[in-house]
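K.L.:
Below is the structure I would like to discuss, written out as structure tokens.
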Amino acid sequence: MSLRTNIAAIAALLLAFGTVVAATPSGAELRCGWFDNPTPGNASLYDRDGEWTIAIQGGYQAKGDWPPEYPPGQWRATNAGRHGYGCACFNVRVDAEEKNILEIFSSKARPLSACRKDPALKGIERRFL
Numbered sequence: 001m002s003l004r005t006n007i008a009a010i011a012a013l014l015l016a017f018g019t020v021v022a023a024t025p026s027g028a029e030l031r032c033g034w035f036d037n038p039t040p041g042n043a044s045l046y047d048r049d050g051e052w053t054i055a056i057q058g059g060y061q062a063k064g065d066w067p068p069e070y071p072p073g074q075w076r077a078t079n080a081g082r083h084g085y086g087c088a089c090f091n092v093r094v095d096a097e098e099k100n101i102l103e104i105f106s107s108k109a110r111p112l113s114a115c116r117k118d119p120a121l122k123g124i125e126r127r128f129l
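full-length UniProt numbering numbers the first residue of the sequence shown as 1 and each following residue consecutively.
Encoded structure:
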């Protein structure tokens, strides 16, 4: 390879890396676990670090859209109006001290089996039943 080819390849990699970094919101982190939405306006995410508040009816509300879209069979309704729980990953910004999710950048449903198999989430699903 020539020097010109190597420089072009390195530039392309740096450009690609820079694009990936720029696309990730500042302070964002990925959190995966049980998403619980038992009633209108109330929602939490339970992960390896405990319960994270997403919304409290008539009070606190994280910025961003929730819940993620669940495929058939991956959402468990426990209350009227399709309120219930499922397994999900959220790309979020959090207040670790208060255990609040401040902003949701994206979310994605996961199979229920993913949360059921995770040792860090053992026993949490029973809380929702």
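In this text, a Cβ means the ideal position worked out from N, Cα and C, and glycines have one as well. Keep in mind it's a predicted model, so treat the numbers as computed, not measured.
Where does the unbroken alpha helix (DSSP H) through ALA80 begin, and where does it stop?
P.N.:
Element bounds for ALA80: n/a, residue is neither H nor E.
K.L.:
Throw me the rounded Cβ distance for the GLY86 and TRP75 pair, which I believe falls under 8 angstroms.
P.N.:
Indeed they touch by this definition, with Cβ atoms about 5 angstroms apart.
K.L.:
Given a cut-off of 9 angstroms on the beta-carbon distance, is the pair ALA88 and GLY33 in contact?
P.N.:
Contact flag set, yes.
K.L.:
Alpha carbon to alpha carbon, how far is GLU51 from HIS83? Give it in angstroms, no decimals.
P.N.:
Looking at the two C-alpha atoms, the distance is approximately 18 angstroms.
K.L.:
Checking the sheet assignment: what are the DSSP bridge partners for TRP34?
P.N.:
TYR46, CYS87.
K.L.:
Could you have a look at ALA55 and say whether DSSP puts it in helix, strand or coil?
P.N.:
DSSP places ALA55 in strand when its eight states are reduced to three.
K.L.:
For ALA22, which three-state DSSP category applies?
P.N.:
Per-residue confidence for ALA22 stands at a pLDDT of 39, beneath the threshold of 50, marking its modelled position as unreliable; the derived number appears in the next sentence. If DSSP states are grouped into helix, strand and coil, ALA22 belongs with the helices.
K.L.:
For the candidate residues ASN100, ILE104, ASP47, whose alpha-carbon lies nearest to that of LYS122?
P.N.:
Comparing Cα-Cα distances from LYS122 to each of ASN100, ILE104, ASP47, the minimum goes to ASP47.
K.L.:
Which residues share a DSSP beta bridge with ILE101?
P.N.:
Answer is VAL94, bridged to ILE101.
K.L.:
When DSSP labels each residue in this structure, what does LYS117 get in the three-state scheme?
P.N.:
DSSP places LYS117 in helix when its eight states are reduced to three.
K.L.:
Find the nearest neighbour of TYR60 within the set GLU98, PHE90, GLU69, GLY81, judged by alpha-carbon distance.
P.N.:
Measuring from the Cα of TYR60, the nearest candidate turns out to be GLU98.
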